[in-house]
Amino acid sequence: LAVNAKDAMPGGGQLTIRTSETMLDAPVQRGPDLMAKGRYILIEMIDTGTGIRKEDMERIFEPFFSTKKVGAGTGLGLSTVYGIVHQTGGSIFVDSAPGDGTTFSIYMPEYTEHAEAEDIASGDVAPPPAALDADAADGDLTGSGTVLLVEDENAVRLFGARALRNKGYTVLEAENGEGALDVINANDATIDLIISDVVMPGMDGHTLVGLVRHELPDVKVILMSGYAEDVFRDEIDRDPSIQFLPKPFSLKGLAAKVKEVMAE
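Here the sequence shown is numbered in the working numbering, starting from 6 and rising by one per residue.
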């Protein structure tokens, strides 16, 4: 967040980092996030930079989305922040307007053993955050079936899984090929589609698909990669059940591709 703030102030400016304690006496709904009542640590990052356009605000936490020039950023920074915050049960909000700077507000549940015991006893543990679905209005992309999403980039996997769950799919997750095989061994009878990154530490997507074919000869496959489709053309031509999804992609693009493949 600090690096982004610096980049948003090319002519200089002021970055303020502020922390405080806050108490929510009742659940609070803001956008897709529902914050449970309880004690929170609030971290605010306030800059006096260029601000963010309204149309960009809706997609700012999507993986691969970036307002920077091509080559100046991966588009994974804010989605990684979002993933880390939500994995700890927190929430992050952004307030901004062009020319007025930007404020990121991060609410992290305050942890004490006493508070945790109270929350568990009262049932006030924060529920999982609602799925982020900025493209819900862009046509009917809902569907059904079980999808295994294999991706070593946590932010991409987190957002992709939530987007597909919000469209009606059951989503299983694995962060590498070896983990995917474990998931398949436990759930092979129910998996309809495997979405896998090609380049991953350890077992790559090609090897994974080859091994899976012995157990699930009819399973549908989508391979994801930042490399051009031509690089994988031979394998795709050999197996017509393999589809290709280029990175970067939007959540809408992912959901549309899944619906297309599942309908075949």
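Ideal Cβ placement from N, Cα and C applies to all residues, glycine included. Here the structure is a predicted model, which is why all the values come from computation and not from measurement.
Could you compute how far the alpha carbon of residue i sits from the alpha carbon of residue j?
i           : j           : result
residue 224 : residue 198 : 6 Å
residue 146 : residue 269 : 15 Å
residue 229 : residue 262 : 11 Å
residue 255 : residue 105 : 28 Å
residue 115 : residue 89  : 15 Å
residue 91  : residue 172 : 20 Å
residue 48  : residue 97  : 9 Å
residue 189 : residue 180 : 13 Å
residue 27  : residue 103 : 29 Å
residue 154 : residue 177 : 6 Å
residue 38  : residue 248 : 33 Å
residue 110 : residue 266 : 39 Å
residue 46  : residue 93  : 12 Å
residue 149 : residue 32  : 31 Å
In the DSSP assignment, what residue or residues form a beta bridge with residue i?
i           : result
residue 66  : Note: residue 66 sits in no beta bridge, so no partner.
residue 34  : 39
residue 200 : 154, 227
residue 25  : 47
residue 114 : 45
residue 179 : 155
By alpha-carbon positions, which one of the options ends up nearest to residue i?
i           : options         : result
residue 22  : 7, 91, 203, 30  : 7
residue 99  : 108, 92, 93, 91 : 108
residue 185 : 170, 167, 206   : 206
residue 15  : 53, 102, 231    : 53
residue 182 : 66, 260, 213    : 213
residue 259 : 68, 62, 93, 25  : 68
Report buried or exposed for residue i, applying the criterion of at least 16 other Cβ atoms within 10 angstroms of its Cβ.
i           : result
residue 9   : buried
residue 19  : exposed
residue 34  : exposed
residue 58  : exposed
residue 191 : exposed
residue 217 : buried
residue 195 : exposed
residue 244 : exposed
residue 75  : Any answer about residue 75 is weak, because its pLDDT of 42 lies below 50 and its placement is not dependable; what the coordinates show is given next. Residue 75 comes out exposed.
Kindly indicate which three-state DSSP category residue i falls into: helix, strand or coil?
i           : result
residue 250 : strand
residue 97  : strand
residue 187 : helix
residue 20  : strand
residue 142 : In this predicted model, residue 142 has a pLDDT of only 42, less than 50, meaning its place in the structure is not dependable enough to derive any value.
Under 8 Å between C-beta atoms, does residue i make it to chain D?
i          : result
residue 20 : Within the model displayed, chain D is absent; a lone protein chain is all it includes.
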